[in-house]
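Below is one structure, written out as structure tokens, with a few remarks after it.
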Amino acid sequence: MQAKDLVKYLVIVTKATRRMGIIVRSFASREKPLSYSEDNIFAKILRGEARAAKVYEDAQTFAFMDAMPQVPGHTLVIPKYPSEDLFDIPPDNLAATIKNVQLVGRAVRAAFEAPGIMIAQLSGRAAGQTVFHLHFHILPRHHGLELKFHAREFEDFAVLESHAQKIREQLAHIKS
Ligand code: AMP
């Protein structure tokens, strides 16, 4: 082998080794393997297979009333991207989702005349996550009004619909 060919060969081997290192490191840095299940209830809502009191939708996100609200007006914003938690969503999809947490949060705050808004995101069973499709909770808070237990008691769908309607009306004001 000539010296010129040997150099070329070494460059190829070095590049390949570096690429393998990047792949191995990026898998090693994941907290868990890709394990998103299309059977989760939010994936079914996104596919139209389960009902939801819809508040807002755009190309990348969907917002709807929590079926077991901890306070009246408890709303969820989810990405359409199939991510299990905060750590397996590409940053652009996450940015679109957070943008709409702010938008929908404004509408929830106005609709429920809430002096405070609580945003919650649970990633992982140990944190209390019960539905394994990334979501952000928006909870209107009032002095002296305690939160009910998490994911415990279903609300009537008609009540959820009336709350969604109030929020949609505020969204229409905000967006006009
Ligand atoms: P987390 O425990 O953070 O994963 O939150 C899951 C949330 O989803 C809980 O607040 C539940 O009340 C809510 N939830 C569960 N099933 C439904 C459903 N079918 N529609 C709307 N919200 C739901």
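For the sequence shown, my numbering begins at 680 and goes up steadily by one. A virtual CB, placed ideally from N, CA and C, is assigned to each residue, including glycine.
- In this structure, the beta-carbon distance from N779 to V756 falls below 7 Å.
- For ligand 1, the residues with a Cβ under 5 Å from any of its heavy atoms are, in chain order, I720, D745, A746, M747, L801, Q808, T809, V810, A830.
- It is roughly 25 Å from the alpha-carbon of V734 to the alpha-carbon of H822.
- The C-beta distance from V787 to I846 rounds to 6 Å, short enough to meet the 8 Å contact threshold.
- Boundaries of the beta strand (DSSP E) harbouring A742: 740 to 744, taken from the DSSP string.
- Distance between R785 and L818, taken at the CA atoms: about 11 Å.
- The residue from H816, A793, F791 with its alpha-carbon nearest to that of S802 is H816.
- Residue burial annotation: G752 is buried, with at least 16 other C-beta atoms found within 10 angstroms of its C-beta.
- Counting C-beta pairs with one atom in each stretch, the segment 830 to 850 and the segment 719 to 736 have three or more that are closer than 8 Å, which means they touch.
- Cβ neighbours of R831 within its own chain (closer than 7 Å, five residues either side excluded): M747.
- Excluding its 5 nearest sequence neighbours in each direction, H814 has C-beta neighbours in its own chain below 8 Å: F721, L755, V756, I757, Q800, listed in chain order.
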